[in-house]
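Engineer: Let me begin by handing over the structure; questions about it come next.
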Amino acid sequence: MPGPPKADHRLPPLRSLGEWRRGARRFLAAAGIESPAAEADLIARHVLGLNRVELTLAADRALTASEKRRLSRILHRRRGRVPLQYLLGEVDFWGLSLRVTPRVLIPRPETEGLVERVLSFLGPDPEATVLDVGTGSGAIAVALASARPRLTLWATDASPSAVRVARMNARRLGLAGRIRFETGDLTGPFAGEEPGSPLRVLVSNPPYVSTRDRRRLAPEVAGHEPAGALFAGTDGLAVIRRLVPAAARCLPAGGLLALEIGDDQGERVRRLVQASRGWRDVRIERDLAGRDRYALAVRIG
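588 is the number of the first residue of the sequence shown in my numbering; add one for each residue after it.
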């Protein structure tokens, strides 16, 4: 009795853009990609420089040999589960186009919720300083700077490569003069400094994945995103455990600590912050999917 048909990982001969899109969707679906149609279109738009409407109207467009090579190269790397954001070199965050490389964590929509909570705390036109710890691509810092013109931003990361990517994003968005990027551990580069305006918020999307959960992660994440930006010991709290007291030393009375956390860490992080003392209004808030995602606390004087 014949077995099930084998998945076809070969791209058929492709002449027009419409043929390429159909073939690419089948190719990505056979590779187990969850959204093959959407990803095929993103790849085509990136390589050919088309918007959504232009892509739809250009079905009969003939592809050049060079275009076919570029499209094929990205498709084959995506089949190997390299994240699409790294292949395209950019991601949308807070309505901003950010460059991303394998040196930085890919910004997620959940982190936009962290930005929203910081902005709500600061109010509509604050003249204050915000410290972004573990800035990675600079996503949080540039989003805050773009949303509040009078804010001063500090951003730190232990990875020099990440700081270079973050600086590049700030320059591309015209925000370089608003954000001071420093390489160093947690709040270390900020310690002892006197910012021009008072520090009001310490915000961070720190590593919070348990090393025990590595096998549960998607291959795009476990195999390609920087481990130093993902993992934080066997319980996922190793970095947060160090960051909370460091934040207490930096923030004045009334300052906000805002952290992104794992969806199974809410109660443990709440207890951790409360046990460190020096904090009031400690609370855990949920993301749009209803999962614990943000830990917030206000510094006691």
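Glycine included, C-beta positions come from ideal geometry on N, C-alpha and C.
To the nearest angstrom, how far is the alpha carbon of residue 589 from that of residue 671?
Structural biologist: Taking the first residue of the sequence shown as 1, we reach residue 589 at position 2. Taking the first residue of the sequence shown as 1, we reach residue 671 at position 84. Any reading at residue 589 needs caution, since the residue's pLDDT is 45, under 50, leaving its predicted position unreliable; the model's value is listed next. For residue 589 and residue 671, the distance between alpha carbons rounds to 36 Å.
Engineer: Is the beta carbon of residue 733 less than 8 Å from the beta carbon of residue 762?
Structural biologist: Walking along the sequence shown from the start, residue 733 turns up at place 146. Walking along the sequence shown from the start, residue 762 turns up at place 175. Cβ distance < 8 Å, so residue 733 and residue 762 count as in contact.
Engineer: Within 10 angstroms of the Cβ of residue 916, are there 16 or more other Cβ atoms? Answer buried if so, exposed if not.
Structural biologist: For residue 916 there is no data in the structure shown, the boundaries of the chain being 588 and 888.
Engineer: Within a Cβ cutoff of 6 Å, which residues of the same chain sit near residue 746, ignoring the five residues on either side of it in sequence?
Structural biologist: On the sequence shown, residue 746 is found 159 positions in, with the first residue counted as 1. Within the same chain, residue 746 has no close Cβ partners at all.
Engineer: Check whether the stretch 804 to 819 touches the stretch 834 to 841, counting contact only when three or more Cβ pairs, one atom from each stretch, lie closer than 8 Å.
Structural biologist: As far as the Cβ criterion goes, the stretch 804 to 819 does not touch the stretch 834 to 841, which means the pair count is below three.
Engineer: Okay, do the stretch 803 to 810 and the stretch 749 to 760 touch, 3+ Cβ pairs below 8 Å being the bar?
Structural biologist: In short, these stretches do not touch, since the Cβ pair count stays below three.
Engineer: For residue 884, which of 877, 857, 875 has the nearest alpha-carbon?
Structural biologist: For the purposes of this step, residue 884 is taken as the residue at position 297 of the sequence shown. That would be 857, whose Cα lies nearest to the Cα of residue 884.
Engineer: Which residues bound the beta strand (DSSP E) around residue 733?
Structural biologist: The count along the sequence shown starts at 1 and reaches residue 733 at position 146. Taken as a continuous stretch (DSSP letters only), residue 733 belongs to no beta strand (DSSP E), being part of the alpha helix (DSSP H) at 726 to 734.
Engineer: Measure the beta-carbon distance from residue 648 to residue 707 and round it to whole angstroms, keeping in mind my assumption that it falls under 8 Å.
Structural biologist: Stepping through the sequence shown from its first residue, residue 648 is reached at position 61. Stepping through the sequence shown from its first residue, residue 707 is reached at position 120. Wrong, their Cβ atoms sit about 46 Å apart, outside the cutoff.
Engineer: Can you tell which of 780, 681, 684, 607 has the C-alpha that lies nearest to the C-alpha of residue 661?
Structural biologist: Along the sequence shown, read from residue 1 onward, the residue named residue 661 stands at position 74. Checking every option, the nearest Cα to that of residue 661 belongs to 607.
Engineer: In three-state terms, what does DSSP make of residue 741?
Structural biologist: Within the sequence shown, numbered from 1, the residue matching residue 741 stands at position 154. Residue state, collapsed to three classes: strand.
Engineer: Taking DSSP as the reference, what is the three-state secondary structure of residue 604?
Structural biologist: Indexing the sequence shown from 1 puts residue 604 at position 17. Residue 604: helix per DSSP, three-state reduction.
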